[in-house]
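In the UniProt record's numbering, the protein residues as written are 1 to 279.
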């Protein structure tokens with residue numbers, strides 16, 4: 001049976017989100033990004049209103065794109081959750097299918113052994129002292145389940161190639177992978193550009209920043225496929241609680257029509273194949 005809830009989160013602000021920094025390889029979070037994580041850590045699923053259904057339960061599984069900024073966002077945004085029993089032994093799954101669309105430096109990961117060393121607190125780091133930060137937030141050795149990471153990562157070949165047909169198919173495969181999980185509430189942290197492919201929704205997309213999702217924004221979905229009625233695309237739909245929460249916070253965008261969505265999707269894909277940075 002697929003998960004009852006799927007929450008998708010865009011990563012916090014990274015150094016590549018600052019003007020002219022798309023040449024940085026796999027950048028980490030900025031101080032502002034860390035503040036955004038702290039806010040999410042204290043507010044996740046806290047919205048309640050008499051006119052809306054109750055919020056989803058706490059996460060049963062955490063999944064992340066294996067880039068530095070998404071792993072950082074996952075660990076820092078759920079630091080309290082991961083340090084509270086019975087979640088202290090929960091693993092974070094690095095899923096290469098969730099990485100960003102492009103093959104430009106800021107959207108390309110680094111070898112798993114390099115990132116693994118950093119996230120165990122043993123790497124030589126500059127900037128935000130990522131190693132100490134992650135240890136402080138309860139990662140250390142064993143928190144991230146590195147052994148399941150696709151050995152192709154970080155190469156942008158095959159299903160990871162930034163082209164129209166592979167982006168659509170990669171998103172479908174990612175949804176299928178999530179659909180096959182048995183946990184009640186799966187939370188996935190990924191990237192602004194690829195979130196539009198994951199949700200099959202381009203409403204609110206801002207061409208200037210490559211996404212309609214702001215940093216650490218989250219939305220909760222349900223799968224349209226029941227256990228015995230598999231939708232070929234494993235499509236998802238935002239749940240009422242999530243829609244009402246975003247409306248109350250002034251986030252809700254008017255959905256595009258099917259024609260508008262098709263035209264906009266083609267524009268976004270042209271941007272990807274023309275190496276326009278997404279985020």
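Quick reminder that beta carbons are idealized off the backbone N, C-alpha and C, glycines included.
| Query | Result |
| --- | --- |
| Separation of residue 233 from residue 256, as counted between CA atoms | The pLDDT assigned to residue 256 is 43, lower than 50, so where the model puts this residue is not dependable; a value taken from the coordinates is nonetheless given after this. About 19 Å. |
| DSSP bridge partner residues for residue 190 (one or two, in chain order) | 10 |
| Neighbourhood of residue 4 by C-beta distance below 6 Å, restricted to the same chain and skipping five residues each side | 184 |
| Own chain residues within Cβ distance below 6 Å of residue 29, not counting five before or after | 12, 14, 69 and 72 |
| Rounded C-alpha distance that separates residue 126 from residue 115 | Note that residue 126 has pLDDT 42, beneath the 50 cutoff, so the model's placement of it is unreliable and the number below is only indicative. About 14 Å. |
| Cβ-based burial, residue 40 [other Cβ within 10 Å; buried from 16] | buried |
| Cross-strand partners of residue 61 (DSSP beta bridge) | 186 |
| Burial state of residue 10 (16 or more Cβ within 10 Å) | buried |
| Counted within 10 angstroms of its Cβ, other Cβ atoms place residue 275 as buried (16 or more) or exposed | Residue confidence is low: residue 275 scores 49 on pLDDT, short of 50, so the model does not pin down where it sits. No coordinate-derived value is stated. |
| Buried or exposed (CB count within 10 angstroms, at least 16 for buried), residue 27 | buried |
| Short Cβ contact (9 Å threshold) for residue 193 with residue 101 | yes |
| Burial state of residue 89 (16 or more Cβ within 10 Å) | exposed |
| Cβ pair residue 219, residue 7 closer than 9 Å | yes |
| Same chain only: Cβ atoms within 8 Å of residue 51, ignoring 5 sequence neighbours per side | 244 |
| Between the CA atoms of residue 217 and residue 47 - distance to the nearest angstrom | 14 Å |
| For residue 219: DSSP bridge partner residues | 8 |
| Segments assigned alpha helix (DSSP H), at least 4 residues, entirely inside the region 22-83 | 31-43, 68-77 and 79-82 |
| Check whether residue 154 and residue 66 have beta carbons under 9 Å apart | yes |
| Coil, strand or helix - residue 87 by DSSP | coil |
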